[in-house]
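*Asks:* Okay, here's the structure, questions in a sec.
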Ligand SMILES: [Zn+2]
């Protein structure tokens, strides 16, 4: 099983090669589809060879060109059962907060510079989409030796893939690099769930973590930094409070 990354410096875009075809993990920012197609071409992968599109969670930097990839392939889409409602919102949930002060500063700067509301095109979800409801075996039932693993906390719908080779593609359940600290993602919806997901990753058979942001790192880093999670507090982004509908669920990276 080979994993390549055709993403950019901001967000990784992993493609897993299996005996049953390619699994594309996430679909970048809106507007980056042509860049994705170029990446495919460079690796001699054609669109009909893509059999699965795996969405780690419904965020703007992961679901940006999902519509185009659904349109141009016959791939089966896999996502968490809570993702469709989020994808219909057309923007991230604003629930939660930043995991450190630097991240808060970074998110505020991003707000000044560009995509203030973390919007993405509303996704038309195909009827035969596989909605993950806790069963890790879906891909195994399809003859692929990969488990799906629930990793809520960054978002409620965050899921990952654990390969038989001990590689865990964790989406945003962890990250590696600026402005994250100690392998933590910069946005957390639910801190208790996030901690549980770290414990799940630590207990898993994974040896290497492939995050959506930053380079892969050894799983033992999670054990090393686990105690730091107890010191995390979440910093609210005031701008997001304004965007939240009164009484509705709010959201966000
Ligand atoms: Zn995210």
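Residue numbers (our numbering): 58 to 310.
By construction, the Cβ of each residue, glycine as well, lies at the ideal position given by its N, Cα and C atoms.
Keep in mind it's a predicted model, so treat the numbers as computed, not measured.
1) Verify the contact flag: residue 228, CB atom, against every heavy atom of ligand 1, threshold strictly below 8 Å.
2) Roughly how many angstroms lie between the CA atoms of residue 155 and residue 215, to the nearest whole one?
3) Do residue 246 and residue 153 have their C-beta atoms within less than 9 Å of each other?
4) Whole angstroms are fine: how far does the CA of residue 185 sit from the CA of residue 229?
5) Where does residue 122 sit, in a helix, a strand or coil, going by DSSP?
6) Count the other CB atoms within 10 Å of the CB of residue 167; is the residue buried (16 or more) or exposed (fewer)?
7) What would DSSP say about residue 177, mapped onto helix, strand or coil?
8) Could you give the distance in angstroms between the alpha-carbon of residue 263 and the alpha-carbon of residue 217?
9) When you compare the CB of residue 217 with every CB in chain B, is at least one pair closer than 9 Å?
10) Below 8 Å, is the gap between the Cβ of residue 118 and the nearest heavy atom of ligand 1?
*Replies:* This is what the structure holds:
1) On the chain shown, residue 228 is found 171 positions in, with the first residue counted as 1. Within the cutoff, so yes.
2) Taking the chain shown and counting its residues from 1, one reaches residue 155 at position 98. Taking the chain shown and counting its residues from 1, one reaches residue 215 at position 158. Residue 155 and residue 215: Cα-Cα distance of roughly 17 Å.
3) In the chain shown, the residue the question calls residue 246 occupies position 189. In the chain shown, the residue the question calls residue 153 occupies position 96. Residue 153 is positioned such that its CB atom lies closer than 9 Å to that of residue 246.
4) Position 172 of the chain shown, counted from the first residue, corresponds to residue 229. Position 128 of the chain shown, counted from the first residue, corresponds to residue 185. Their backbone Cα atoms lie some 25 Å apart in a straight line.
5) As a first step, residue 122 must be located in the chain shown, where it is residue number 65. Three-state DSSP puts residue 122 in coil, outside helix and strand.
6) The residue you call residue 167 lines up with position 110 of the chain shown. That one is exposed.
7) On the chain shown, position 120 is the one that residue 177 refers to. Reduced to three states, the DSSP call for residue 177 is coil.
8) The sequence position of residue 263 within the chain shown is 206, counting from 1. The sequence position of residue 217 within the chain shown is 160, counting from 1. Cα-Cα distance, rounded: 11 Å.
9) Among the chains of the structure shown, chain B does not appear; only one protein chain is present.
10) Here the question's residue 118 lines up with position 61 in the chain shown. Checking the Cβ of residue 118 against ligand 1 gives yes.
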